[in-house]
Amino acid sequence: MEEEQGPYHPLRDQDGDAISADDTRLKQLGYKQELSRKLSAIASFSVTFSIISVLTGLSTTYSMGLTYGGPVTMVYGWPIVGLLTLLVGLSMAEICSAYPTSGGLYFWSAKLSGKRWGPLAAWLTGWFNIVGQWAVTTSVDFSLAQLINVIILLSSGGRNGDGVSGDKYVVIGIHGGILFLHALINSLPISYLSLFGQLAAAWNIVGITYFRALFTFLVFNLLLEDTYILDFLSLLEYVGVFVLMILIPCVATERASAKFVFTHFNTDNGDGVNNKVYIFVLGLLMSQYTITGYDASAHMTEETKNADTNGPKGIISSIVVSIIVGWGYILGITFAATNIPYLLDETNDAGGYAIAEIFYLAFKSRYGSGVGGIICLGVVGVAIFFCGMSSVTSNSRMAYAFSRDGAMPFSSFWHKVNKHEVPVNAVWLSALVSFCMALTSLGSLVAFNAMVSIATIGLYIAYALPIFLRVTLARKSFVPGPFNLGRYGVLVGWISVLWVATISVFFSLPVAYPITIETLNYTPVAVGGLLLAIVLAWILRARHWFKGPITNIDE
């Protein structure tokens, strides 16, 4: 592909039509418009926000936060991680504005590293990105399968009431069914998928705020009908967080004090980790795991109107809203977490699933029945379902773009689109690969956890590579788009790269002592193995035929 020369100028046709300008810009970058361009800024935000999904990430990793540091790590660690992650997002948004294509990260790396290093940079970034995305989908849908198993357990009486719980084969079967539904939904026209995405974003916001407010409304016998307003205004988000933070403690007969929520540091983790700094660092993983996947807006740019501005807006707004809403969610839930050892005890009714036990106890202690808590878990489950759905959307667009450039086996098959202009083959590929990755759980949960660890480290390596290239090789040659950081771009870029390097070390640290085969953190092994496989594939074969992004305008 030819290197683009000269300054970036947003293009318009004679009528000033934005969609035509998007198509023209895409043609400048070497591609013809094949996907249906119907997504608005709100739709771009919705898909990405539902992939980040604070309900999904925080609910499924809340036990980790309680274990390593407890309230202090979660309450203060979340905004710290959030702000540093926002810097990463800002750097990505600046590059996205200059190169609005579905290839996203790997296309950026190719353009920013020049003709000599472009193919290798694109190869490394692309494979880390797509494998990381597949691992995200695997992790999200598997966590939903586990949550459904916990809901079944509680609905049948709980661990202490002879409740029924499925084995690992039941969980993998549920996981496969969820992926099948996600593939079906993602095979629909993009206009329908956009509606699902906006519903997902609304569900995350309303699910966190108003449904939690149900606790208090039941106490005061208020009518719920007046509160279910699916309004997409920022005011709703901030008011919703306020409602969550103030009202959720009212449901529980026992509530944590403000001193406990803002000052208690839990060192009783049972894993042999005693150093407080070390414990705090391990607790940050909950926050960093949650705030990921925001590259989705970049992968949807070829289906987004005004992509060079709405793509970056989708990245930034999804992170900002997630930070605000997520912090409120952490505060609200932590005010109801009064007995950390019991919540983490595998002998409790939820089998040690902390969030489930909190919801269940809140209703059971006040009304004598935990049914309301089970319904709340259902709300979380729906949010996780939407998260997995949007994750498959992002996966398939990345697979479509990567195969369009010939980087994947059988590329010509995966990048085909159907009559609705949907890359349906790539959709089903993403679901199939995610299911195969989950099969490792049948052999060993240690192996499975190592596999899904790529979800965070792999993705963040893919995030950091184009940012690093932008502040090094392309520091002087980079031509920004309509959204840019001006003179602060290089500074923000370096901070972003250093933060990714830091969390890569954090995620690789042992989480239990003494270190044995069962307690070893296999993240470095998994990520290192992936890196070795990618590099070997490049040396042995790919360097001879992969030339980076290639034009398809003449097809």
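Each step along the sequence shown adds one to the number in the working numbering, with nothing skipped, and position 140 is 194. Every residue gets a Cβ at the ideal spot worked out from N, C-alpha and C, and that includes glycine. Since this is a predicted model, take the numbers as computed values, not measurements.
### Message
Does the contact criterion of 3 or more C-beta pairs under 8 Å hold for the segment 406-419 versus the segment 378-393?
### Response
yes
### Query
Skipping 5 residues on each side, what residues in its chain have a beta carbon closer than 7 Å to that of ILE578?
Within the sequence shown, the letter at position 524 stands for residue 578. Here residue 578 is Pro; the residue named in the question, Ile, does not match the sequence. These residues qualify, in order along the chain: SER562.
### Query
Distance, Cα to Cα, LEU594 vs PRO603?
Along the sequence shown, read from residue 1 onward, the residue named residue 594 stands at position 540. Along the sequence shown, read from residue 1 onward, the residue named residue 603 stands at position 549. Each residue's alpha carbon lies about 20 Å from the other.
### One or two residues paired with GLY123 in a DSSP bridge
By one-based count along the sequence shown, residue 123 stands at place 69. The partner list for GLY123 (beta bridge, DSSP) reads ASN320.
### Task
For PHE656, count neighbouring C-beta atoms within 10 Å of its own C-beta (all shown protein chains included) and say buried if the count is 16 or more, exposed if not.
In the structure as shown, the chain starts at 55 and stops at 609, and residue 656 therefore has no counterpart that could be examined.
### Beta bridge counterpart(s) of LEU93 as assigned by DSSP
Numbered from its first residue, the sequence shown carries residue 93 at position 39. LEU93 is bridged to THR358.
### Local Cβ density within 10 Å of ARG170, reported as buried at 16 or more and exposed below that
Residue numbering aside, residue 170 sits at position 116 when the sequence shown is read from its first letter. Exposed, because fewer than 16 other Cβ atoms sit within 10 Å of the Cβ of ARG170.
### Query
Does the distance from the C-beta atom of GLU356 to that of SER151 stay below 8 Å?
Working through the sequence shown from its first residue, we reach residue 356 at position 302. Working through the sequence shown from its first residue, we reach residue 151 at position 97. Against a cut-off of 8 Å, the Cβ pair of SER151 and GLU356 comes out as no contact.
### Query
Who are the Cβ neighbours of LYS418 in its own chain at under 6 Å, not counting the five residues just before and after it?
Along the sequence shown, one-based indexing puts residue 418 at 364. Closer than 6 Å at Cβ, skipping near neighbours: GLY424.
### Query
Nearest-angstrom Cα distance between GLY512 and ALA310?
Indexing the sequence shown from 1 puts residue 512 at position 458. Indexing the sequence shown from 1 puts residue 310 at position 256. Taking the straight line joining both Cα atoms gives about 37 Å.
### Message
Measuring only the C-alpha atoms, how far is PHE600 from ALA404?
### Response
Taking the sequence shown and counting its residues from 1, one reaches residue 600 at position 546. Taking the sequence shown and counting its residues from 1, one reaches residue 404 at position 350. Straight-line Cα distance between these residues: approximately 50 Å.
### Query
Okay, do the segment 190-210 and the segment 225-237 touch, 3+ Cβ pairs below 8 Å being the bar?
yes
### Message
By alpha-carbon positions, which one of LEU338, TYR454, TYR348, LEU552 ends up nearest to THR127?
### Response
Translated into the one-based positions of the sequence shown, residue 127 becomes position 73. Among LEU338, TYR454, TYR348, LEU552, the Cα nearest to that of THR127 belongs to LEU338.
### Query
How about LEU83 and ALA516: are their beta carbons less than 8 Å apart?
Locating residue 83 in the sequence shown gives position 29, where the first residue counts as 1. Locating residue 516 in the sequence shown gives position 462, where the first residue counts as 1. No, the pair does not count as a contact, with Cβ atoms beyond the cut-off.
### Message
Just to confirm my understanding: we take ALA350, look at its own chain, exclude 5 residues before and 5 after, and list those with CB closer than 6 Å. What are they?
### Response
On the sequence shown, residue 350 is found 296 positions in, with the first residue counted as 1. Here the set comprises VAL101, THR102, ILE105, SER448.
#### Entry: Same chain, Cβ closer than 8 Å to PHE316, five either side skipped, listed in chain order
To locate residue 316, count along the sequence shown from 1; it is residue 262. Answer for PHE316: PRO125, VAL126, VAL129, listed in chain order.
### Message
Please list the terminal residues of the continuous alpha helix (DSSP H) segment that includes PRO536.
### Response
Locating residue 536 in the sequence shown gives position 482, where the first residue counts as 1. Element bounds for PRO536: n/a, residue is neither H nor E.
### Query
For PHE464, which of helix, strand or coil comes out of DSSP?
Counted from its first residue, the sequence shown places residue 464 at position 410. In the structure shown, PHE464 sits in coil (DSSP, three-state: anything other than H, G, I, E or B).
### Query
What did DSSP end up calling PRO366 once you bin it into helix, strand or coil?
Taking the sequence shown and counting its residues from 1, the one referred to as residue 366 is at position 312. Residue state, collapsed to three classes: helix.
#### Entry: Alpha-carbon spacing of GLY220 relative to TRP548, whole angstroms
Position 166 of the sequence shown, counting from 1, holds the residue named residue 220. Position 494 of the sequence shown, counting from 1, holds the residue named residue 548. Computed Cα separation, rounded: 47 Å.
### Query
Okay, do the segment 137-153 and the segment 470-487 touch, 3+ Cβ pairs below 8 Å being the bar?
no
### Task
Check each candidate in THR192, LYS86, GLY131 and name the one with the smallest Cα separation from LEU493.
To locate residue 493, count along the sequence shown from 1; it is residue 439. The candidate whose alpha carbon is nearest that of LEU493 is THR192.
#### Entry: Backbone CA spacing between GLY386 and ILE134 [nearest angstrom]
Here the question's residue 386 lines up with position 332 in the sequence shown. Here the question's residue 134 lines up with position 80 in the sequence shown. One C-alpha to the other measures close to 18 Å.
#### Entry: Same chain, Cβ closer than 6 Å to ALA480, five either side skipped, listed in chain order
Residue mapping note: residue 480 aligns to position 426 of the sequence shown, counting from 1. Closer than 6 Å at Cβ, skipping near neighbours: SER450, ALA453, TYR454, TRP468.
#### Entry: Nearest to ALA504 (by Cα), restricted to the options SER550, TYR576, TRP553
Walking along the sequence shown from the start, residue 504 turns up at place 450. That would be TYR576, whose Cα lies nearest to the Cα of ALA504.
### Query
With a CB to CB cut of under 7 Å and the five nearest residues on each side skipped, what residues in its chain are close to GLY119?
What you label residue 119 is simply residue 65 of the sequence shown in a count that begins at 1. Cβ within range, chain order: THR127, MET128, GLY337, MET340.
### Task
For PHE389, name the three-state secondary structure that DSSP assigns.
Numbered from 1 along the sequence shown, position 335 holds the residue referred to as residue 389. Of the three classes helix, strand and coil, the one that applies to PHE389 here is coil, per DSSP.
### Message
Please tell me whether ALA189 and LEU519 are closer than 8 Å, where the distance is taken between their beta carbons.
### Response
For the purposes of this step, residue 189 is taken as residue 135 along the sequence shown, with counting starting at 1. For the purposes of this step, residue 519 is taken as residue 465 along the sequence shown, with counting starting at 1. Going by C-beta atoms, ALA189 is not nearer than 8 Å to LEU519.
### Which of helix, strand or coil DSSP assigns to PHE196
The residue labelled residue 196 in the question sits at position 142 within the sequence shown. Helix at PHE196.
### Message
Restricting to Cα atoms, I'd like to know which of ALA95, GLN187, THR114 is closest to THR344.
### Response
Taking the sequence shown and counting its residues from 1, the one referred to as residue 344 is at position 290. THR344 has its Cα closest to that of THR114, out of ALA95, GLN187, THR114.
### Task
Specify the secondary structure class of HIS469 as computed by DSSP and reduced to three states.
Reading the sequence shown from its first residue, position 415 is the one you call residue 469. Residue state, collapsed to three classes: coil.
### Task
Could you tell me whether the segment 358-368 touches the segment 531-543, where touching means 3 or more Cβ pairs closer than 8 Å?
yes
### Query
Would ILE588 pass as a contact of LEU178 if the rule is Cβ separation under 8 Å?
Position 534 of the sequence shown, counted from the start, is the residue given in the question as residue 588. Position 124 of the sequence shown, counted from the start, is the residue given in the question as residue 178. The answer is yes: Cβ separation under 8 Å.
### Query
Since SER163 and SER550 are thought to touch, with beta carbons under 8 Å apart, how far apart are those beta carbons, to the nearest angstrom?
Here residue 163 refers to the residue found at position 109 when the sequence shown is read from its first residue. Here residue 550 refers to the residue found at position 496 when the sequence shown is read from its first residue. That belief does not hold up - the Cβ atoms of SER163 and SER550 are roughly 15 Å apart, past 8 Å.
### Query
Relative to the alpha-carbon of ALA566, which residue among TYR85, ILE333, ALA461, ARG541 has its alpha-carbon at the smallest distance?
As a first step, residue 566 must be located in the sequence shown, where it is residue number 512. Closest by alpha carbon: ILE333.
### Cβ shell of ASN402 (< 7 Å), same chain only, five flanking positions each side left out
Within the sequence shown, numbered from 1, the residue matching residue 402 stands at position 348. Once the five neighbours on either side are set aside, the close Cβ partners of ASN402 are ARG213, TYR396, GLU411.
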